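Engineer: In UniProt numbering, the protein residues as written are 1 to 716.
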Amino acid sequence: ELRNYLRVLGFGVKHYSGHNHLQTACLHSKLKTQNCHILGCSGGTSSHRTVPPASILPWRFFCCKKGTKVPSERKQNTPLTTSELLYKDLLKSEQENWNVISGRYKALTKSIKEKLEEFHNKYMFNSGSPRIRFGENVYFEENGCIFFSKADDDEGNVEILFSTEDFGFSDAFIQRIRISPDQRYMAISLKSENSEEATCIIMKLGHFPAVEKVIPSVFSFEWATNDALYYTSQKNLKCQNVFMTTFTNQKQTELVYAEQDARFFVDIYCTKDRRFLTINSNSKTTSEVWLVDCRHPFKPPALVQARTKGLIYHVEHRKDELYILTTYGEPAEYKLMKAPVDSCGMENWQLVYTLEEKSKLVDLEVFSDHCVMFLKNAGLLYLNVISLLSHSVQTIKLPTWACEFELESHPEHTTSTCYFQLTSPVHPPKHFAYSFKENNLIEQAVQEVPIIRNCHTTRLLAKSKDETLVPITVFHNMNSKELHRKPLLVHVYGAYGIDLNMSFKEEKLMLFEEGWILAYCHVRGGGELGLSWHKDGSQHNKLNGLHDLKACITLLHEQGFSQPKYTALTAASAGGVLAGALCNTHPELIRAMVLQAPFVDVLNTMMQTHLPLTIEEQEEWGNPLADEKCMMYIKSYCPYQNIKTQYYPSVFITAYENDQRVPLIGILRYAQKLRKAVLDHASKASKKGNQIPDVILNIQANGSHCDSSWEDSLNE
Numbered sequence: 001e002l003r004n005y006l007r008v009l010g011f012g013v014k015h016y017s018g019h020n021h022l023q024t025a026c027l028h029s030k031l032k033t034q035n036c037h038i039l040g041c042s043g044g045t046s047s048h049r050t051v052p053p054a055s056i057l058p059w060r061f062f063c064c065k066k067g068t069k070v071p072s073e074r075k076q077n078t079p080l081t082t083s084e085l086l087y088k089d090l091l092k093s094e095q096e097n098w099n100v101i102s103g104r105y106k107a108l109t110k111s112i113k114e115k116l117e118e119f120h121n122k123y124m125f126n127s128g129s130p131r132i133r134f135g136e137n138v139y140f141e142e143n144g145c146i147f148f149s150k151a152d153d154d155e156g157n158v159e160i161l162f163s164t165e166d167f168g169f170s171d172a173f174i175q176r177i178r179i180s181p182d183q184r185y186m187a188i189s190l191k192s193e194n195s196e197e198a199t200c201i202i203m204k205l206g207h208f209p210a211v212e213k214v215i216p217s218v219f220s221f222e223w224a225t226n227d228a229l230y231y232t233s234q235k236n237l238k239c240q241n242v243f244m245t246t247f248t249n250q251k252q253t254e255l256v257y258a259e260q261d262a263r264f265f266v267d268i269y270c271t272k273d274r275r276f277l278t279i280n281s282n283s284k285t286t287s288e289v290w291l292v293d294c295r296h297p298f299k300p301p302a303l304v305q306a307r308t309k310g311l312i313y314h315v316e317h318r319k320d321e322l323y324i325l326t327t328y329g330e331p332a333e334y335k336l337m338k339a340p341v342d343s344c345g346m347e348n349w350q351l352v353y354t355l356e357e358k359s360k361l362v363d364l365e366v367f368s369d370h371c372v373m374f375l376k377n378a379g380l381l382y383l384n385v386i387s388l389l390s391h392s393v394q395t396i397k398l399p400t401w402a403c404e405f406e407l408e409s410h411p412e413h414t415t416s417t418c419y420f421q422l423t424s425p426v427h428p429p430k431h432f433a434y435s436f437k438e439n440n441l442i443e444q445a446v447q448e449v450p451i452i453r454n455c456h457t458t459r460l461l462a463k464s465k466d467e468t469l470v471p472i473t474v475f476h477n478m479n480s481k482e483l484h485r486k487p488l489l490v491h492v493y494g495a496y497g498i499d500l501n502m503s504f505k506e507e508k509l510m511l512f513e514e515g516w517i518l519a520y521c522h523v524r525g526g527g528e529l530g531l532s533w534h535k536d537g538s539q540h541n542k543l544n545g546l547h548d549l550k551a552c553i554t555l556l557h558e559q560g561f562s563q564p565k566y567t568a569l570t571a572a573s574a575g576g577v578l579a580g581a582l583c584n585t586h587p588e589l590i591r592a593m594v595l596q597a598p599f600v601d602v603l604n605t606m607m608q609t610h611l612p613l614t615i616e617e618q619e620e621w622g623n624p625l626a627d628e629k630c631m632m633y634i635k636s637y638c639p640y641q642n643i644k645t646q647y648y649p650s651v652f653i654t655a656y657e658n659d660q661r662v663p664l665i666g667i668l669r670y671a672q673k674l675r676k677a678v679l680d681h682a683s684k685a686s687k688k689g690n691q692i693p694d695v696i697l698n699i700q701a702n703g704s705h706c707d708s709s710w711e712d713s714l715n716e
């Protein structure tokens with residue numbers, strides 16, 4: 001749950017897919033590798049993700065405006081409102097425009113799709129799904145089916161326990177699996193492409209597996225005992241209630257916990273040793289944890305530490321002690337502390353380890369006698385292995401090309417080996433293991449992955465307006481000559497304390513092999529240099545991220561990486577704020593901008609408190625209704641508010657009709673206003689032969705702000 005909590009808040013760790021998980025967060029390029037799956041046997045954490053998955057990262061970054069979609073159910077002859085008519089007209093106009101423009105690119109689209117399929121088959125085909133060993137039994141998921149086999153079966157005999165198609169869920173993908181401790185029940189969450197709410201299916205296992213129960217609108221769930229399942233319900237992008245349901249003897253469902261504060265989001269987790277379930281209630285700056293004793297699951301939950309404004313904490317359990325990851329004390333960065341279970345208030349917290357300055361805690365895994373911290377510092381990855389017996393710390397440096405960790409399953413907390421993968425945007429995942437006994441790092445030859453040759457990773461520091469040094473990670477071909485003539489794709493995010501997603505993506509490698517330079521700007525507002533890096537780019541500091549982005553692109557050009565006429569900028573979700581702002585203030589730095597589900601109308605969204613997520617978003621953007629200075633500050637950088645008649649780069653935007661987080665109406669208005677500014681500027685420009693920039697909006701009828709399947713993201 002340490003990992004889950006970090007990904008939920010975006011402090012210290014995507015959905016990004018990754019999603020995460022908004023990991024990611026998720027959001028990230030829709031061209032992902034295979035679906036993210038979160039499997040767990042007997043509640044043990046296990047995950048396999050290429051981006052932060054929505055199952056553990058609720059990407060709850062934006063408000064879904066009422067009226068964004070014309071209601072599908074309407075009384076006959078009831079007239080449409082003015083706003084609905086406007087929406088309808090804008091949507092129809094953009095769809096007609098897209099139908100005309102997209103025809104130009106059919107041949108190119110076909111070529112790119114074939115290349116991406118080739119890259120996917122070459123680099124990800126054998127990546128496989130995680131296999132969860134439970135005693136002598138093994139469970140795994142592939143292609144919408146859940147399989148069971150014996151660990152010692154060399155003949156490949158498998159049994160199908162569940163199939164999405166056979167059970168009438170052909171349009172859904174499996175998101176999360178939990179097996180009960182006695183392996184009599186299996187809980188599965190299924191999610192469709194067009195909804196953020198998942199359905200939980202409980203299967204009774206045996207010779208003839210059968211559906212025992214179906215629970216709609218579920219976010220997270222864990223087994224407390226053989227027949228007691230705890231779960232959280234999700235409604236309007238919020239999770240605030242925890243229920244317990246039982247399946248033998250007296251079958252019943254009862255409310256266990258109800259969160260009253262709209263800023264808080266609730267999920268549940270089972271500690272690695274299965275001793276406790278934790279009920280975790282988190283806002284973006286404050287947290288509170290309750291413990292459910294798995295030996296006595298019907299007793300009321302016990303509070304660890306009452307919520308204190310600004311205090312973030314999260315717990316794991318080992319040998320009657322809680323290990324607590326927290327921001328308690330100075331400096332206000334993450335520390336590892338511990339306390340006895342029976343006296344676990346923060347007055348009894350004892351320091352175990354403090355992170356180094358400007359280090360980013362990406363992930364954390366607790367074993368029986370060790371704790372492994374997955375860290376970033378100055379763009380480089382490393383491990384800190386802490387002995388929970390002596391509190392000694394062993395630092396393990398990792399390959400310099402690596403940009404992201406991906407943990408593999410560790411169902412047994414007593415294991416003597418920690419398994420994980422390393423990846424970068426242009427390096428497919430490689431398997432590694434760290435042995436506690438041998439105290440060494442092992443690169444595992446689990447599969448034959450083609451080696452990426454001639455790739456050079458350069459790390460730069462750009463001096464921002466206030467002289468803060470901003471990291472940049474650049475990938476380019478080491479044999480390239482005249483880099484200033486090569487096309488450059490710049491990536492930015494800078495919000496919620498979430499790092500830029502730098503996991504492997506087929507389209508990034510395709511661009512790299514075609515001569516592109518890929519640059520990742522780790523601006524303030526993200527989390528690359530710890531919690532303070534996020535704080536320095538949020539609320540009244542949001543303009544720092546814009547200054548950082550300008551400094552990064554300027555330095556790239558000064559260092560000979562491309563030039564403005566060959567430079568494109570890309571961003572997704574909240575990254576659209578900084579990208580759109582730069583497009584208004586310094587359009588001469590780039591030739592093109594590509595946005596995915598961008599948040600481009602900050603002010604109007606944050607002015608409407610009746611929307612389900614506006615209140616909790618105030619911790620990131622501020623409250624313009626209560627503070628006029630805040631309103632004027634947001635107005636000063638909001639992309640939609642600052643469009644003017646001037647030169648603009650060409651802009652390509654992807655949006656989703658079913659997006660519950662970024663209102664489509666805001667994107668429609670942004671595209672219309674931007675196109676008008678471009679045309680007005682062109683009409684005033686007297687030079688002949690000047691090409692008028694394109695403003696293209698592609699509205700996907702399917703898909704949503706979070707995860708999508710490989711096939712759907714490929715088509716997009």
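Idealized CB from N, CA, C, for every residue including glycine.
Note that this is a predicted model, so its numbers are computed, not measured.
(1) Starting from His413, follow its DSSP beta bridges and name the residues at the other end.
(2) Short of 6 Å in beta carbon distance, which residues of its chain neighbour Val289, apart from the five on each side in sequence? Order them along the chain.
(3) Quick check on the burial criterion: 16 or more other C-beta atoms within 10 angstroms. Buried or exposed for Arg485?
(4) Quick one: what's got a C-beta closer than 6 Å to Gly135's C-beta in the same chain, skipping five residues either side?
(5) Which of the three DSSP states is assigned to Val341 in this structure?
(6) Residues in the same chain with beta-carbon distance under 6 Å from Thr308, minus the five sequence neighbours each way, listed in chain order, please.
(7) On a Cα-Cα basis, can you pick out the residue from Asp712, Ile643, Pro612, Glu657 that is closest to Met262?
(8) Give a yes or no on whether the C-beta atoms belonging to Thr414 and Phe436 are separated by under 8 Å.
(9) My output table needs one value for Ser636: the three-state DSSP class, helix, strand or coil.
(10) Verify whether the separation of the beta carbon atoms of Val577 and Pro663 is less than 8 Å.
(11) If we call anything under 8 Å between Cβ atoms a contact, is residue 717 one with Leu483?
(12) Does the pairing of the region 318 to 328 with the region 240 to 251 give three or more beta-carbon distances under 8 Å?
(13) Within 10 Å of its beta-carbon, does Arg524 have 16 or more other beta-carbons around it, so buried, or fewer, so exposed?
(14) The alpha helix (DSSP H) spanning Asn544 covers which residue range?
(15) Rounded to whole angstroms, what is the Cα-Cα separation between Ser626 and Lys676?
(16) For Glu94, I'd like the list of residues in its chain whose CB is within less than 7 Å of its CB, leaving aside the five on either flank, ordered along the chain.
(17) Kindly list the residues whose CB is nearer than 6 Å to the CB of Pro598, restricted to its own chain and excluding five residues on each side of it in sequence; keep chain order.
(18) Using the DSSP secondary-structure output, state which residues sit across from His370 in a beta bridge.
(19) Drop a sphere of 10 angstroms on the beta-carbon of Leu57, count the other beta-carbons inside from all chains shown, and report buried for 16 or more, exposed for fewer.
(20) If you pair each beta-carbon of the region 644 to 660 with each one of the region 579 to 596, do three or more pairs fall below 8 Å?
(21) Taking C-alpha atoms, which residue in Cys344, Leu383, Arg184, Ala151 lies nearest to Ser359?
(22) Out of Val362, Glu212, Pro425, Asn439, which one is the CA nearest neighbour of Leu407?
(23) Comparing C-alpha positions only, which one of Ser573, Ile553, Ala572, Ala574 sits nearest to Tyr566?
(24) Going by beta carbon distance, what residues of the same chain come within less than 8 Å of Val426, once the five residues before and after it are set aside?
(25) Mind pulling the beta strand (DSSP E) runs of 3 or more residues that sit fully within the region 94 to 175?
(26) Whole angstroms are fine: how far does the CA of Ser683 sit from the CA of Thr81?
(27) According to DSSP, simplified to helix, strand and coil, what is His705?
(28) Who are the near neighbours of Ser180 in its chain, counting only those whose CB is closer than 6 Å to its CB and skipping five residues on each side?
(29) To which residues of the same chain is Gln350 closer than 8 Å at the C-beta, ignoring the five residues directly before and after it?
(30) Is Tyr637 near Pro587, with beta carbons less than 8 Å apart?
(31) Helix, strand or coil for Phe405, going by three-state DSSP, please let me know.
(32) Tell me where the beta strand (DSSP E) around Ser713 begins and ends.
(33) Of all the beta strand (DSSP E) runs that stay within the bounds of the region 482 to 535, which reach a length of 3 or more residues?
(34) What is the DSSP secondary structure of Trp621, counted as helix, strand or coil?
(35) I'd like the list of long-range same chain contacts for Leu603, defined as Cβ closer than 8 Å, with 5 residues on each side in sequence excluded.
(36) In the DSSP assignment, find the beta strand (DSSP E) that holds Lys235 and state where it starts and stops.
Structural biologist: Checking against the coordinates, here is how it stands:
(1) Indexing the sequence shown from 1 puts residue 413 at position 413. Looking at the DSSP assignment, His413 forms no beta bridge with any residue, so it has no partner.
(2) Mapped onto the sequence shown, residue 289 falls at position 289. Excluding five sequence positions before and after Val289, the CB atoms of its chain that fall closer than 6 Å to its own CB belong to Thr278, Asn280, Val304, Val315, given in chain order.
(3) On the sequence shown, residue 485 is found 485 positions in, with the first residue counted as 1. The residue is exposed, with fewer than 16 neighbouring Cβ atoms inside 10 Å.
(4) Stepping through the sequence shown from its first residue, residue 135 is reached at position 135. Listed in chain order, the non-local C-beta contacts of Gly135 below 6 Å within the same chain number zero, local neighbours out to five positions each way being set aside.
(5) By one-based count along the sequence shown, residue 341 stands at place 341. Note: Val341 maps to helix in three-state DSSP.
(6) Position 308 of the sequence shown, counted from the first residue, corresponds to residue 308. Cβ neighbours of Thr308 beyond the five flanking positions: none.
(7) Position 262 of the sequence shown holds residue 262. For the record, residue 262 in the displayed sequence is Ala; it is not Met. Nearest option by C-alpha distance: Pro612.
(8) As a first step, residue 414 must be located in the sequence shown, where it is residue number 414. As a first step, residue 436 must be located in the sequence shown, where it is residue number 436. Judged by beta-carbon spacing, Phe436 lies beyond the 8 Å limit of Thr414, meaning their Cβ atoms are not closer than that value.
(9) To locate residue 636, count along the sequence shown from 1; it is residue 636. Three-state DSSP puts Ser636 in a helix.
(10) In the sequence shown, the residue the question calls residue 577 occupies position 577. In the sequence shown, the residue the question calls residue 663 occupies position 663. In this structure, Val577 keeps its C-beta atom at 8 Å or more from the C-beta atom of Pro663.
(11) Because residue 717 is not part of the residues shown, which for the chain are 1 to 716, the question remains open.
(12) Touching, no.
(13) By 1-based counting over the sequence shown, the position of residue 524 is 524. Buried, because 16 or more other Cβ atoms sit within 10 Å of the Cβ of Arg524.
(14) The residue you call residue 544 lines up with position 544 of the sequence shown. Note, Asn544: alpha helix (DSSP H), 542 to 558.
(15) Along the sequence shown, one-based indexing puts residue 626 at 626. Along the sequence shown, one-based indexing puts residue 676 at 676. Reading off the sequence, residue 626 comes out as Ala, not Ser. Each residue's Cα considered, the two are about 33 Å apart.
(16) Along the sequence shown, read from residue 1 onward, the residue named residue 94 stands at position 94. Correct list, in chain order: Leu668, Ala671, Leu697, Ile699.
(17) By one-based count along the sequence shown, residue 598 stands at place 598. Excluding sequence neighbours, Pro598 sits near Gly576.
(18) As a position in the sequence shown, residue 370 is number 370, starting the count at 1. His370 is bridged to Ser387.
(19) The residue labelled residue 57 in the question sits at position 57 within the sequence shown. Confidence at Leu57 is low in this model, with a pLDDT of 27, below 50, so its placement is unreliable and no value can be given for it.
(20) With three or more CB-CB distances shorter than 8 Å, the region 644 to 660 counts as touching the region 579 to 596.
(21) Stepping through the sequence shown from its first residue, residue 359 is reached at position 359. Taking Ser359 as reference, the option from Cys344, Leu383, Arg184, Ala151 with the minimal CA-CA separation is Leu383.
(22) Residue numbering aside, residue 407 sits at position 407 when the sequence shown is read from its first letter. Checked all of Val362, Glu212, Pro425, Asn439; the closest Cα to Leu407 is Val362.
(23) The count along the sequence shown starts at 1 and reaches residue 566 at position 566. Just measuring C-alpha positions, the residue of Ser573, Ile553, Ala572, Ala574 sitting nearest Tyr566 is Ile553.
(24) Along the sequence shown, one-based indexing puts residue 426 at 426. Answer for Val426: Ile452, Cys455, Phe475, Phe504, Lys508, Leu509, Phe512, Leu518, listed in chain order.
(25) Entirely contained in the region 94 to 175, the beta strand (DSSP E) runs reaching 3 residues are, in chain order, 131 to 134, 137 to 142, 145 to 150, 159 to 163.
(26) Looking up residue 81 in the sequence shown gives position 81. Looking up residue 683 in the sequence shown gives position 683. Straight-line spacing of the CA atoms in Thr81 and Ser683 works out to 34 Å.
(27) As a first step, residue 705 is located in the sequence shown; it is residue number 705 there, counting from the start. Here His705 sits in coil by DSSP.
(28) Counting from 1 along the sequence shown, the entry for residue 180 is found at position 180. If the five residues before and after Ser180 are omitted, its C-beta is found closer than 6 Å to the C-beta atoms of Trp223, Asn226, all from its own chain and listed in chain order.
(29) Reading the sequence shown from its first residue, position 350 is the one you call residue 350. Counting only Cβ-Cβ distances below 8 Å, and skipping sequence neighbours, we find Met337, Lys338, Ala339.
(30) The residue labelled residue 637 in the question sits at position 637 within the sequence shown. The residue labelled residue 587 in the question sits at position 587 within the sequence shown. Taking 8 Å as the Cβ cut-off, Tyr637 and Pro587 do not qualify as a contacting pair.
(31) Taking the first residue of the sequence shown as 1, we reach residue 405 at position 405. Phe405: strand per DSSP, three-state reduction.
(32) The residue you call residue 713 lines up with position 713 of the sequence shown. DSSP places Ser713 in no beta strand (DSSP E) but in the uninterrupted alpha helix (DSSP H) bounded by 710 to 715.
(33) Every unbroken stretch of the beta strand (DSSP E) spanning 3 or more residues and falling wholly within the region 482 to 535 is given here in chain order: 488 to 491, 517 to 521.
(34) Counted from its first residue, the sequence shown places residue 621 at position 621. Three-state result, Trp621: helix.
(35) Along the sequence shown, read from residue 1 onward, the residue named residue 603 stands at position 603. Taken in chain order, the residues that qualify are Pro624, Met631, Ile634, Lys635, Cys638, Tyr640, Gln641.
(36) Numbered from its first residue, the sequence shown carries residue 235 at position 235. It spans 228 to 235 - the beta strand (DSSP E) in which Lys235 sits, taken as one unbroken run.
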